[in-house]
Amino acid sequence: AAQSERSAVLCALEIQTRAKQLSAERTRRGLTTVGFGIGINAGEAVAGNLGAAKRLEYTVIGDAVNLAQRLESQARAGEVLVSQPVYEKVAMEVEAAPRDPVKLKGKSKPVQLWEIRRVKLAATEAA
Numbered sequence: 016a017a018q019s020e021r022s023a024v025l026c027a028l029e030i031q032t033r034a035k036q037l038s039a040e041r042t043r044r045g046l047t048t049v050g051f052g053i054g055i056n057a058g059e060a061v062a063g064n065l066g067a068a069k070r071l072e073y074t075v076i077g078d079a080v081n082l083a084q085r086l087e088s089q090a091r092a093g094e095v096l097v098s099q100p101v102y103e104k105v106a107m108e109v110e111a112a113p114r115d116p117v118k119l120k121g122k123s124k125p126v127q128l129w130e131i132r133r134v135k136l137a138a139t140e141a142a
């Protein structure tokens with residue numbers, strides 16, 4: 016399972032790198048910039064078509080999905096925020112900084128968040 020978390024974090028960092036490059040290019044051209052945060056959590060979820068017969072929508076639901084959305088809403092432009100369980104799976108491969116625990120909707124206790132800054136050099140060479 017740690018491979019899924021690793022893949023998600025590496026993908027998110029690459030997306031943010033490319034978004035920063037795109038923003039720099041857009042700035043040079045006098046256009047508006049691109050910026051967004053990414054939140055990553057892992058856990059069980061239900062995926063499938065939900066809704067009425069005439070209006071089915073493919074969606075994913077569950078506590079893990081809700082927490083990922085809450086992480087995303089806490090992330091500033093250019094950031095990748097992960098939950099404690101995701102951080103524990105990737106900690107040896109990334110440089111990260113803890114955020115102060117935050118109270119999130121649907122959680123009785125404050126949640127520890129981690130900002131993933133970059134992949135450690137040795138981890139990139141092993142990839």
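So the mapping is simple: our numbering equals the position in the sequence shown, first residue as 1, plus 15.
The beta carbon of each residue, even a glycine, is placed where N, CA and C say it ideally should be.
| query | result |
| --- | --- |
| Rounded separation between A92 and F51 - CA only | 4 Å |
| Contact under 7 Å by Cβ, V134 with V109 | yes |
| Proximal residues to K120 (C-beta, below 7 Å), its chain only, five neighbours per side dropped | R85 |
| Distance CB(N64)-CB(L71) smaller than 7 Å | yes |
| Short Cβ contact (7 Å threshold) for Q127 with Q99 | yes |
| Rounded separation between L136 and M107 - CA only | 11 Å |
| Nearest neighbour of G66, chosen from T74, E59 and A60 [CA to CA] | T74 |
| Straight-line Cα distance separating A79 from G58 | 5 Å |
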